[in-house]
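As numbered in our numbering, residues 14 to 173 make up the sequence shown, in order.
Note that beta-carbon positions come from the ideal geometry of N, C-alpha and C, so glycine has one too.
None of the values given here were measured: they were computed from a predicted structure.
Data block below; observations after.
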Amino acid sequence: MITMIAAAAENNALGKDNDLVWHLPDDFKRFKQLTTGHHIIMGRKTFESFPKLLPNRVHVVITRNKTYQPEGVVVVHTMEDALAITKDDPQPFIIGGGEIYTIGMQYADCIELTRVHGKFDADTFFPEIDLAHWEIENKEMHGADERHEYGFTYLTYKKK
């Protein structure tokens with residue numbers, strides 16, 4: 014099962030200037046819990062936004078740059094190549110950014126979306142989820158609190 018995982022605002026904003034526009038510790042914790050032990054597929058800019066490699070995950074980076082080869086990363090040039098690398102993983106995760114999510118939508122079986130309640134100025138966006146092809150399987154609300162400036166909802170979509 015190929016899963017896309019993202020946190021996107023109500024206007025589908027993902028981030029700006031290669032960074033997130035909110036800080037949600039519980040969402041980070043959920044991301045870590047779901048993706049640990051799996052392959053994580055991402056674009057080069059998403060990879061470069063990390064301060065270091067995420068522990069206990071195989072990093073697969075898609076880039077057009079034929080000479081790009083950071084240490085500790087599997088570099089590929091297409092989504093098909095990325096998915097071929099992950100064939101023995103029962104649940105690889107597509108983790109962004111916007112262009113990679115758009116490409117990944119046709120391959121994904123599941124979307125783990127954290128819908129952040131608010132609209133944000135952004136330069137990167139999550140693609141629209143076509144409800145003719147996707148249905149919500151699970152929904153879990155989380156209000157704003159002392160650690161979370163914004164409320165959010167965990168949504169699990171499955172392809173119909």
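{"Item": "Cβ neighbour criterion (16 or more within 10 Å) applied to N31", "Value": "exposed"}
{"Item": "Strand pairing of R32, partner residues [DSSP]", "Value": "In the sequence under discussion, the amino acid at residue 32 is Asp, which differs from the Arg named in the question. DSSP output for D32 lists K29 as bridge partner(s)."}
{"Item": "Buried or exposed by the 16-neighbour rule on C-beta atoms within 10 Å, applied to T49", "Value": "exposed"}
{"Item": "Test item: CB-CB of K29 and A135 under 9 Å", "Value": "yes"}
{"Item": "Simplified DSSP state of E159, which is helix, strand or coil", "Value": "coil"}
{"Item": "Cβ shell of F224 (< 7 Å), same chain only, five flanking positions each side left out", "Value": "As shown, the chain starts at 14 and ends at 173. That puts residue 224 outside it, with no answer to give."}
{"Item": "T47 - DSSP class collapsed to helix/strand/coil", "Value": "In the sequence as presented, Thr is not what sits at residue 47; that position holds Leu. Note: L47 maps to helix in three-state DSSP."}
{"Item": "Paired residues, beta bridge with E153 - DSSP", "Value": "Y167"}
{"Item": "For M154, the nearest candidate out of W147, Y163 and E148 (CA to CA)", "Value": "Y163"}
{"Item": "Candidates N78, H52, K79 and T91: closest to L66 by CA position", "Value": "H52"}
{"Item": "Endpoints, beta strand (DSSP E) assigned at F133", "Value": "Unbroken run through F133: none, as it is neither H nor E."}
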